[in-house]
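Undergrad: Pasting a structure here, questions to come.
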Amino acid sequence: MAQFSPEPAHARSRRSQHRGVWAVIAVLLLAVLVATLWVPLYNKTTPTWGGWPFFYWYQLLWVPIVALVSWCAYLLSKLGQRGAPAAAPGDAPDGPGDAPPPPRRMPPTAGGD
């Protein structure tokens, strides 16, 4: 017997794409985290580079790499948000981080204040 989902088909496909993007982001950030925090990987002094032991230049080499990977993760997160389904008009707002509504224009008072 066929089972029907209360969600429309287009919402299900976007949600799975959204999860896929966040999975890629998690893998990228996890790889950087492991490469920089797994000490036995770089706990040695040779080879030296310009008189610097390996553990120094290995960590310094990761500074621009982490910046680049973080930037890519940010761009992917924006892509994931763009692919997410839009909220229905009756849905509750996301939370306290939502932008306030624009201010109303007040009619001029009779006193000329």
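If you're matching positions, the sequence shown starts at 21 in this note's numbering and goes up one per residue. Glycine is no exception: its CB is placed at the ideal position from the N, C-alpha and C atoms.
Comparing C-alpha positions only, which one of 86, 71, 97, 90 sits nearest to residue 40?
TA: Checking every option, the nearest Cα to that of residue 40 belongs to 97.
Undergrad: Pull up the DSSP beta-bridge partners for residue 72, would you.
TA: The partner list for residue 72 (beta bridge, DSSP) reads 69.
Undergrad: Going by the CB atoms, is the gap between residue 52 and residue 134 shorter than 8 angstroms?
TA: Because residue 134 is not part of the residues shown, which for the chain are 21 to 133, the question remains open.
Undergrad: Indicate the three-state DSSP secondary structure (helix, strand or coil) for residue 130 in the structure shown.
TA: Coil, per DSSP.
Undergrad: Between the alpha carbons of residue 137 and residue 124, how many angstroms are there, rounded?
TA: Because residue 137 is not part of the residues shown, which for the chain are 21 to 133, the question remains open.
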